[in-house]
Every structure is written in structure tokens, then in C-alpha cells.
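These notes are about the structure you will find just below.
Chains as they are written, first to last, in the working numbering: chain Z, 1 to 116; chain X, 1 to 110.
Written out as C-alpha cells, the structure is:
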């Protein structure tokens, strides 16, 4: 069974640009969450999607957005990039929304974004 | 408070030793406490988890100790091995959100 796939794995952007990251969840998983990982800050929750609807949102500015498609694949977008957006962006899928029932998130290997 | 405080930030242990990572929380509504392990270049993966009605859970060399009254929980790695070198994240579930600690980088030297 294939795991969570994230693309691209690495990318470099400059300030002011925008970026789109993609995530394909494990087959059958309908919930996709996004996290930002930075040294010293750990994993910061961005948002969660289930059945194409955003269920939860973390404390990030509106420059961070996402969406989910009917096949459960998800994308996140960051507009007007800032230096502080440099981070590893992790996508995680779970069987049911909000991990309420399974309690487990399955993470991809992440997309490492560098903003120059 | 929706925070989970994790310490230490980094830990160096000799092979065969015991690694201990501590976490503390404030929100008594948290109802599930997992630990995730992350190897370099990989995403975090669930290692072991505990619910607040249990004081200890052991899986192989990994043990979670949970102190509900102190609102603290810890991960103990017995007989630490170089292959355990990774970053460890504690987490707590509040509602349907998983709140992560800031991580502990563990290095086990032979």
C-alpha cells in the first residue's frame, strides 16, 4: 500500500512569489492535514480537509490556503512568500476526519521550501 | 492552553543507556497522547500512544509514563541503540486537533 506522497520534495522561491504544494493521501484515507515544521517550533498545524471541506484551521495568516479534490488529493498554497515561510511542509492523512477514531496520522516525507 | 511543552531539546545517550523525554500540558481536556518518531528526510511516524486512564504503556523498549495529576508524560527508551537516533515529538489531542511538542533530537552513540 503506497504511503502519503508529497511533491515537490524540494523547492526554492524568492520573496513575494507564491508556491503550491501537492499531497496524495494513502488510498482510502479521506482526511488530509498540513503541518509546518521548523527548528525549535516543532510541528505547527495549518489546516485539515475532509471530503473537500476545510474542517480545522490553525493560526496562520490568510496567505496560507489549501483545498482538497474529490479524489482526496490536496494542495496547499502560500502566496506572497516571506523569508520566515522557509520550512518543511508535511502532509498527513488519516482514515477518518480529525483522527477522532483512529488516533493516528500518516505523514509524507514533506516538501522543503526555501525562500530567498 | 493548547500547548505541549517538551524537553530536552536535544539528548545524547550512550548505546545501552536509557533515554528519557518529558512533556507537559495544561489542558485537562486532552484525551490522547501519542509519540511520533522522525528520521532525517522522513516524515514523523507513530511510535506509541497512551490514553489518560492508563499510567504506563510499554511496547518493546519504549515505555510511556503518564502522570495525570501532574499533567506530564514521558517517553523512556530502554537499552538505547544507534538506530533510535531520531527526532521525537510528543503530542496531545484536544477535540479533533493534534498539538505537537517542539521535538527532541536524540543521538545514541556506540
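Where is the CB? At the ideal position from N, CA and C, for every residue including glycine.
These numbers come from a predicted model, not from an experiment.
Pairwise C-alpha distance: residue 95/X and residue 31/Z: Within the first chain, the letter at position 31 stands for residue 31/Z. Within the second chain, the letter at position 95 stands for residue 95/X. Rounded to the nearest angstrom, the two C-alpha atoms are 16 Å apart.
Who are the near neighbours of residue 100/X in its chain, counting only those whose CB is closer than 6 Å to its CB and skipping five residues on each side? As a working note, residue 100/X is residue 100 in the second chain. Counting only Cβ-Cβ distances below 6 Å, and skipping sequence neighbours, we find 89 and 91.
Measure from the C-beta of residue 30/X to each C-beta in chain Z and report whether the shortest distance is under 7 Å. On the second chain, position 30 is the one that residue 30/X refers to. It does not: the Cβ of residue 30/X has no partner Cβ on chain Z nearer than 7 Å.
Measuring only between beta-carbons, confirm whether residue 43/Z sits less than 7 Å from chain X. One-based indexing of the first chain puts residue 43/Z at position 43. Cβ-Cβ to chain X under 7 Å: yes for residue 43/Z.
Contact between the stretch 69-86 of chain Z and the stretch 3-20 of chain Z: three or more CB pairs below 8 Å? yes
Counting Cβ pairs, one atom from each stretch, are 3 or more of them under 8 Å apart for the stretch 10-22 of chain X and the stretch 108-116 of chain Z? no
Candidates 50/X, 78/X, 83/X and 17/X, of which the one nearest residue 60/X by Cα: Sequence index remark: in the second chain, residue 60/X carries index 60 (1-based). The shortest C-alpha separation from residue 60/X is found at 78/X.
Under three-state DSSP, which class holds residue 34/X? The residue labelled residue 34/X in the question sits at position 34 within the second chain. Strand, per DSSP.
Taking the alpha carbon of residue 119/Z as the point to measure from, which residue in 35/Z, 84/Z and 28/Z has its own alpha carbon closest? With chain Z covering 1 to 116 only, the question about residue 119/Z has no answer from this structure.
Output the distance between the C-alpha atoms of residue 86/Z and residue 109/Z, rounded to the nearest integer angstrom. As a first step, residue 86/Z is located in the first chain; it is residue number 86 there, counting from the start. As a first step, residue 109/Z is located in the first chain; it is residue number 109 there, counting from the start. C-alpha separation (whole angstroms): 16 Å.
With DSSP run on the structure shown, which of helix, strand or coil describes residue 110/Z? Numbered from 1 along the first chain, position 110 holds the residue referred to as residue 110/Z. Residue 110/Z: coil per DSSP, three-state reduction.
In chain order, which continuous runs of the beta strand (DSSP E) of length 3 or greater are located wholly inside the stretch 37-113 of chain Z? 42-50, 53-57, 64-68, 74-78 and 87-94
Members of the stretch 82-97 of chain X that neighbour chain Z once the beta carbon cut-off is set at 9 Å: 89, 91, 93, 95, 96 and 97
Quick check: is the beta carbon of residue 106/X nearer than 7 Å to any beta carbon in chain Z? Walking along the second chain from the start, residue 106/X turns up at place 106. No, its Cβ sits nowhere closer than 7 Å to a Cβ of chain Z.
Between residue 66/Z and residue 49/Z, how many whole angstroms is the CB-CB distance? I'm expecting something under 8 Å. In the first chain, counting from the first residue as 1, residue 66/Z sits at position 66. In the first chain, counting from the first residue as 1, residue 49/Z sits at position 49. Right, their Cβ atoms sit about 6 Å apart.
Spell out whether any CB of chain X is found under 7 Å from the CB atom of residue 46/Z. Position 46 of the first chain, counted from the first residue, corresponds to residue 46/Z. Not an interface residue.
So which residues of chain X does residue 60/Z contact, with C-beta pairs closer than 7 Å? Taking the first chain and counting its residues from 1, one reaches residue 60/Z at position 60. The premise fails here: residue 60/Z is roughly 14 Å from chain X at the closest Cβ pair, so nothing lies under 7 Å.
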